[in-house]
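Numbering-wise (my numbering), the sequence shown opens with residue 951 and increments by one.
What follows is a single structure, written as structure tokens, with notes after it.
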Amino acid sequence: VNSFDGLADVMLLIKFDPQNKKLTMLSIPRDTRTRVEGYGVRKINSSNVLGGPALTAKTASNLLKGVAIDRYVRINVLGVGKLIDALGGVTVNVPEDLKYQDDSQHLYINLKAGKQHLDGDKALQLLRFRNDGRGDIGRIQRQQLVMRALMDQALNPATLAQLPKILNVVKGHIDTNLTVEELLALVGFGVRTNRSNMQMLMLPGRFSTPKEYTASYWIPSPRRISLMMAQHFGIETENELQSVKPASLRVAIQNRTGGDNVSFRRLMRNLQKAGYGRIFVAKSWSQPLKSTRIVAQQGDENSAESVRSVLGFGEVRVESTGSLNSDITIQVGEDWLNKLSAPESSDDIPLL
């Protein structure tokens, strides 16, 4: 918990884009199966043990179509908790009861479901839990929830003024080739970045099956990675990427209205009229939303915008908090209930 040298627990590639005023974070699952230069095919989190930040950056760059990685930050487990404490904790909605114990990792997790304010220790419990059948992928979703909440609560001018003091608290738990001045500049950029321009992606892929490998892996999808890197990191690929057709997209509908037995027939009918054929209803979340979100689960912002134009309402979010098996997840909020109460018209919802 106080080391930089073990297997990487969490891996993020962060792009600061001052020209477009965007901040993009890509979560790389620790179990991603990839080639580590000089060591063959392994889980990507082993690259830190085998060659530290340099080999990790090289491995990530090779996986991500040659993206340039300029700097690195390593923060150990204790440092994450201290950082969250220094930021005043974080208020999040814990999606379900979480309980787990692993003495070898000094990992003791006991959290109840519901909205609550977490200190550094409890936030770490939420960030590190992975015993829910979805392993590291479910954990990445919870990490993105925490990161989004931290950005909403802590990235403000008041925090910027306290940053030297905060850095002093955590400096013994951080290893980086960034100067203090560069760190201050990057955090300052984060403070000034509109929340809608903060995007959180996850490396596209799938779980391996027991028949494929004895170990459990996240198998990356080269085609979807190419699309993601072209859209969000400006990486040109050898093959020209064609726009994704609606019929090929997996669209999940997730009930976030706070009510049961809500009908989505009208919503599904309009999607089908526009050519979306792979539509399914996903498991609902307990935390209701005021406004519907169209989540670009695989990072395909253009397709999410197309779905939004079909619905005629909702906010597009580039993050990975939707259904794991979807390309686009429509998290239906309370505003849908108002739509249901209005009479249906053949021209009230625009079609593609």
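All residues carry an ideal CB built from backbone N, CA and C; glycine is no exception.
Note that the coordinates shown come from a computational prediction; the quantities given were computed from them, not determined experimentally.
Beyond the five residues adjoining it in sequence on each side, G1016 comes within less than 8 Å, by CB distance, of I1185 in the same chain, given in chain order.
In the DSSP annotation of this structure, P979 is not part of any alpha helix (DSSP H), being labelled neither H nor E. Taking 3 residues as the minimum length, the beta strand (DSSP E) runs contained wholly in the stretch 1008–1088 are 1023–1025, 1040–1044, 1048–1052, 1057–1061 and 1064–1068, in order along the chain. In the displayed model, Q1112 falls within a helix according to three-state DSSP. The beta carbon of T1109 sits closer than 6 Å to none of the beta carbons in its chain outside the five residues before and after it.
The alpha-carbon of G1002 is positioned some 18 Å away from that of R983. Boundaries of the alpha helix (DSSP H) around F1183: P1172 to F1183. Pairing L1151 with G1249 gives a Cβ-Cβ distance under 8 Å. Judged by DSSP in its simplified three-state form, D1102 adopts helix. For the 8 Å CB-CB criterion, V1040 and L1100 form a contact. Rounded to the nearest whole angstrom, the CA to CA distance from I1169 to N1211 is 36 Å. Residue pairing from DSSP places M1148 in a beta bridge opposite L973. Excluding sequence positions up to five before and after Q1222, its CB lies within less than 8 Å of the CB of I1229, all in the same chain and listed in chain order.
In this structure, R980 and K993 form a Cβ contact; the two beta carbons are roughly 7 Å apart against a cut-off of 8 Å.
The C-beta separation of A1224 from V1260 comes to about 5 Å, placing the pair in contact by the 8 Å criterion. DSSP places T1279 in the strand class (E or B) of the three-state scheme. Counting along the chain, the unbroken alpha helix (DSSP H) around A1254 starts and ends at E1251 to L1261.
When the alpha-carbon of L1153 is set against those of S1176, G1064 and N1147, the nearest one is in S1176. With respect to K965, F1183 sits close: the two C-beta atoms are nearer than 8 Å. Between T1143 and K971, the C-beta spacing is below 8 Å. By the Cβ-count criterion, E1162 is exposed, with fewer than 16 other Cβ atoms from all chains shown falling within 10 Å of its own Cβ. Taken atom to atom, the span from the alpha-carbon of K1049 to that of Q969 is near 44 Å. The secondary-structure analysis by DSSP pairs W1168 across a beta bridge with T982 and F1157.
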